[in-house]
Amino acid sequence: MTRTDQRDVVAAVAARAIDGFTSGYGEQPAGAWAAPGRVNLIGEHTDYNDGFVLPFALPQQTVVAVTPRPEPLWTVWSEQSGERIDLDLADVAEPGRVTGWGAYVAGVVWALRDAGFDVPGARLAIASDVPLGAGLSSSAALESAVLTALADLGGLDLPVDDRPALAQRAENVYAGMPCGIMDQSASIRCRDGHALFLDCRSLAVEQIPFDVDAAGLAVLVVDSRAPHRHVTGEYAARRAACEAAARALGVPALRDVPADGLDETLARLDDPVVRRRVRHVVTENRRVLETVALLRAGRVREIGPLLTASHASMRDDFEITVPEVDTAVEAALTAGAYGARMTGGGFGGCVLALIDANRSEPVTAAVKNAYTAQNFTTPHTFTATPSPGAHRHT
Ligand code: GLA
């Protein structure tokens, strides 16, 4: 996808949000703000361990058309659900009052108000191209679009670098999902043509050039369409195991466990399952750093084996993959991908494969054939170009 195509994709979603706004509220919106979904190139389940991640923003975006209003009320229409909801002060005073997609909007208003910001009331209309429930951070895209719009419209003194933590609070506290800070950081801080190297402890970022087109490569994304199985519970269990292991090892977070001498460190833990969880996090952090070093040196193709090793670690040590994603990874590798791995929280979701730009069709066909052979639902595929983070569209 070229830069022009990307802009066309966003313009099409924005047109739907603006049309929905105009027909629903009988006036033009004051503006439209866009925020993307993400894929994570590498660094999985490292964010809540104070470690490193390397996501990039997708061309698929969520757009919110907004007009402020004087009273503290937020009326929100969503194209995807076809619903229109009203949020009043009581809804945004206490986490959990609103459930479903509205929780992400109410959660952002709550988090901003809880941080002491004077959030303007508003009418909002939302349209999105970010696939729902596919592990591509559709909820972070929604939170980030709403937060960026309300911060801009209200003239809030809220630096961009501080915004992901507020969007994360909306998700953690209001919506009740104990995620780390990667997805909201990706949606807000990513840049066109770059992957975002984020230190989840210091929140320092470095924009790493990731121009796959120029390298003659492409990132193929396979939405496994595997039914999500107990995602929130399993995610919370992994997070709890990591935090317990850090306490047992006497470190603030697993980020502080050195990769050198890992076997001796692991020997201090009794439970073999916890040992595997720790090994995943420690080796995954090292793989992120190695990937960043290769990308800085322009050696894009060579990151392939690190991606594949990351997958093996998620499958065998962190135990968060499912047969559908393992099948997609194996089929892509057999069809010539340089590397492939599941991306996102796990238990379904998407796989990414680094391939030669002209190999998209045969690799896709190989994955689809492998799915047919196993009677899995046909996967969706697309190629992903690193795209801009949250911004004002019009
Ligand atoms: C989900 C969470 C993120 C991160 C990933 C796993 O996407 O929202 O915070 O933990 O899983 O890397």
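Residue numbers (this note's numbering): 659 to 1052. Built from N, CA and C at the ideal position, the CB exists for glycine as well. Bear in mind that the values here come from a model prediction, so they are computed numbers and not experimental data.
Asked, Found
"Whole-angstrom distance between Val-697 and Ala-1011, CA atom to CA atom", "11 Å"
"Environment of Leu-824 [buried if 16+ CB atoms lie within 10 Å]", "buried"
"C-beta contact flag for Ala-692 and Ala-723 at 8 Å", "no"
"Ligand 1 heavy atom lying under 7 Å from the CB of Met-840", "yes"
"Check: Asp-881 C-beta below 7 Å from any heavy atom of ligand 1", "no"
"Expected contact under 8 Å - CB spacing of Thr-1054 and Leu-794 to nearest Å", "Look at the range of the chain in this structure, 659 to 1052, and you will see that residue 1054 is not part of it."
"Cβ pair count under 8 Å reaching 3, the segment 762–776 against the segment 805–824", "yes"
"Contact the segment 1024–1033 vs the segment 699–711: 3+ CB pairs below 8 Å", "no"
"Runs of beta strand (DSSP E) lying entirely within the segment 940–1024, each at least 3 residues, in chain order", "997–1001, 1008–1014"
"Gln-718 burial status per 10 Å Cβ neighbour count (16 or more: buried)", "buried"
"Sub-8 Å separation of Val-936 and Leu-964 beta-carbons", "no"
"Any non-hydrogen atom of ligand 1 closer than 7 Å to Glu-977 Cβ", "no"
"Cβ shell of Leu-875 (< 8 Å), same chain only, five flanking positions each side left out", "Val-958, Arg-959, Tyr-996, Leu-1012, Ile-1013, Asp-1014, Ala-1015"
"Ile-784 versus Pro-1044: straight-line alpha-carbon distance, rounded", "23 Å"
"Nearest to Gly-851 (by Cα), restricted to the options Asn-943, Leu-947, Leu-747, Ala-873", "Ala-873"
"Local Cβ density within 10 Å of Leu-790, reported as buried at 16 or more and exposed below that", "exposed"
"Where the alpha helix (DSSP H) through Gln-842 begins and ends", "840–847"
"As assigned by DSSP and simplified to three states, the class of Ile-676", "helix"
"Cross-strand partners of Leu-816 (DSSP beta bridge)", "Its beta-bridge partners do not exist; DSSP assigns none."
"Three-state secondary structure (DSSP) of Ala-872", "coil"
"Expected contact under 8 Å - CB spacing of Cys-848 and Phe-714 to nearest Å", "6 Å"
"Start-to-end residues for the beta strand (DSSP E) that takes in Gln-719", "713–727"
"Presumed contact (8 Å Cβ cut-off) between Leu-800 and Tyr-762, rounded CB distance", "5 Å"
"Through-space distance from Ala-895 to Glu-901, alpha-carbon basis", "10 Å"
"Simplified DSSP assignment, three categories, for Thr-1035", "coil"
"Beta-carbon contacts of Thr-966 that lie in its chain and below 8 Å, excluding the five residues immediately before and after", "Val-987, Leu-991, Gly-997, Ala-998, Arg-999"
"Proximity below 8 Å, CB of Gly-758 to CB of Glu-829", "no"
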